[in-house]
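Engineer:
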Ligand SMILES: [Zn+2]
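Shown next, in the form of structure tokens:
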């Protein structure tokens, strides 16, 4: 049975707070052709929405951004019936106007990650998905309207550079990312967003701004301890606001799954390999992505 589930990808704090809102919660341990996802998936209901939550970093924040099993995460959600993903993650700001503690509904990406498995279709054939608009404008619109209604300061767009990490940028890199026109820097949105597109799901990302990246001169005399305290307090504010926003959307919005959205047809013209050349077992293995 295919259910129209809304998937939430995020960190530990978000999951704990959301799980308290879930009625009839149960956890499942999916297995996929791409291995096990980051952890158990929590299933339940919020308002009229069926929701699946997955903690991207696993229990106890065990997985670094390079170690996250992105393919297994997205595949597991698709198999469970998720058709819309609302993701969240921490970022640094590259834009003076985007202040630490704010939320941003990301609309564009620059992908600098290089150690991660970035496609479901390796060995399957040549599959080229359109990525010019990498996040779903419908889901972004709903999140933006709701944020305005409930008074949560949220930027309606922003370009996110995904770096491999785990170290943060050098100052020269940070200045270069600004020069590229990027607004945010983070380590986890890619290849997550690309895989969601390959899985024909609507995908939106709420970025939680923890600090200004190192391009911006620090306050004079600011020590490491006070900087860390400031980052933690910005993250608490952003996480609280993100939770309010996501809870409000899930509780009050009925239509979060759009069967007619372009995101849901991303494989329509994407397979360039002759169907006769594609292995039957591979077709069977990835069948769910085409649904
Ligand atoms: Zn969409």
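Residue numbers (the working numbering): -15 to 275.
All C-beta atoms, glycine included, are put in the ideal place defined by N, C-alpha and C.
How about residue 126 and residue -2: are their beta carbons less than 8 Å apart?
Structural biologist: Taking 8 Å as the Cβ cut-off, residue 126 and residue -2 do not qualify as a contacting pair.
Engineer: Note down, in chain order, each residue of its chain lying with its Cβ closer than 7 Å to the Cβ of residue 269, except the 5 sequence neighbours on either side.
Structural biologist: Excluding residues within five positions, the ones whose Cβ falls inside 7 Å are 17.
Engineer: Evaluate the contact criterion for the region 61 to 72 versus the region 234 to 251: three or more CB pairs, one atom per stretch, below 8 Å.
Structural biologist: These segments touch.
Engineer: Distance, Cα to Cα, residue 42 vs residue 19?
Structural biologist: Those two C-alpha atoms are separated by around 14 Å.
Engineer: DSSP three-state label for residue 144, please.
Structural biologist: Three-state DSSP puts residue 144 in a strand.
Engineer: Leaving out five residues before and five after residue 211 in sequence, what residues of the same chain have Cβ atoms less than 6 Å from its Cβ?
Structural biologist: There are no such residues.
Engineer: Given the structure, does residue 123 come close to ligand 1, in the sense that its CB is under 7 Å from one of the ligand's heavy atoms?
Structural biologist: Yes; taking the cut-off as 7 Å, the Cβ of residue 123 has a heavy atom of ligand 1 nearer than that.
Engineer: Which runs of the beta strand (DSSP E) spanning at least 3 residues fall entirely within the region 43 to 126, listed in chain order?
Structural biologist: With a minimum length of 3 residues, the continuous beta strand (DSSP E) runs that stay inside the region 43 to 126 are 66 to 77, 87 to 89, 92 to 95.
Engineer: Is residue 98 buried or exposed, if buried means 16 or more other CB atoms sit within 10 Å of its CB?
Structural biologist: Answer is exposed; the Cβ neighbour count stays below 16.
Engineer: Can you list, in chain order, the residues of its chain with a C-beta nearer than 7 Å to that of residue 274? Leave out the 5 residues immediately preceding and following it.
Structural biologist: The residues are 251.
Engineer: Which residues share a DSSP beta bridge with residue 9?
Structural biologist: According to DSSP, which records beta bridges pairwise, residue 9 is partnered with nothing at all.
Engineer: Express the C-alpha separation of residue 118 and residue 143 in angstroms, rounding to a whole number.
Structural biologist: If I take the Cα positions, the gap works out to 11 Å.
Engineer: Should residue -15 go down as buried or exposed, given a rule of 16 or more other Cβ atoms within 10 Å for buried?
Structural biologist: Confidence at residue -15 is low in this model, with a pLDDT of 46, below 50, so the placement of that residue should be treated as unreliable; the coordinate-derived value is given next. Residue -15 should be labelled exposed.
Engineer: Please state the DSSP three-state secondary structure of residue -15.
Structural biologist: Unreliable placement is indicated for residue -15, whose pLDDT of 46 sits below 50; no coordinate value is reported for it.
Engineer: Spell out the partners DSSP gives residue 195 in its beta bridges.
Structural biologist: DSSP output for residue 195 lists 76 as bridge partner(s).
Engineer: Just to check my reading of the structure: residue -5 and residue 39 have Cβ atoms closer than 8 Å, yes? What is that Cβ distance to the nearest angstrom?
Structural biologist: About 7 Å; that satisfies the 8 Å criterion.
Engineer: Which residues does DSSP pair with residue 305 in a beta bridge?
Structural biologist: No information on residue 305 is available, as it lies outside the stretch -15 to 275 that the chain covers here.
Engineer: Kindly examine ligand 1 and report whether one of its heavy atoms sits closer than 7 Å to the Cβ of residue 93.
Structural biologist: Outside the cutoff, so no.
Engineer: Leaving aside the five residues before and after residue 136 along the sequence, list all residues of the same chain whose C-beta is less than 7 Å from its C-beta, in chain order.
Structural biologist: Only 87, 225, 228, 229 meet the Cβ criterion.
Engineer: Kindly indicate the opening and closing residues of the beta strand (DSSP E) around residue 169.
Structural biologist: It spans 168 to 170 - the beta strand (DSSP E) in which residue 169 sits, taken as one unbroken run.
Engineer: Output the distance between the C-alpha atoms of residue 255 and residue 111, rounded to the nearest integer angstrom.
Structural biologist: C-alpha separation (whole angstroms): 4 Å.
Engineer: By DSSP's criteria, residue 188 is part of a beta bridge. Which residues make up the other side?
Structural biologist: Answer is 70, bridged to residue 188.
Engineer: Between which two residues does the alpha helix (DSSP H) containing residue 180 stretch?
Structural biologist: It spans 176 to 182 - the alpha helix (DSSP H) in which residue 180 sits, taken as one unbroken run.
Engineer: Over what stretch of residues does the alpha helix (DSSP H) that includes residue 245 continue unbroken?
Structural biologist: Per DSSP, residue 245 belongs to no alpha helix (DSSP H) and is neither H nor E.
Engineer: Let me check you understand the geometry: is the CB of residue 113 closer than 7 Å to at least one non-hydrogen atom of ligand 1?
Structural biologist: No, ligand 1 has no heavy atom inside 7 Å of this Cβ.
Engineer: Between residue 22 and residue 47, is the Cβ-Cβ spacing less than 8 Å?
Structural biologist: Yes, the Cβ-Cβ distance between residue 22 and residue 47 is below 8 Å.
Engineer: From the DSSP output, in three-state form, read off residue -10 for me.
Structural biologist: In the structure shown, residue -10 sits in a strand (DSSP, three-state: E or B).
Engineer: Thinking just about the alpha-carbon of each residue, which of 200, 59, 215, 177 is nearest to the one in residue 72?
Structural biologist: Measuring from the Cα of residue 72, the nearest candidate turns out to be 177.
Engineer: Would you tell me roughly how many angstroms separate the C-alpha atoms of residue 181 and residue 204, rounded to the nearest one?
Structural biologist: Their Cα atoms are separated by approximately 44 Å.
Engineer: Residues in its own chain within less than 8 Å of residue 30 by CB, not counting five upstream and five downstream?
Structural biologist: Within the same chain, residue 30 has close Cβ partners 2, 5, 6, 7, 231, 234, 235.
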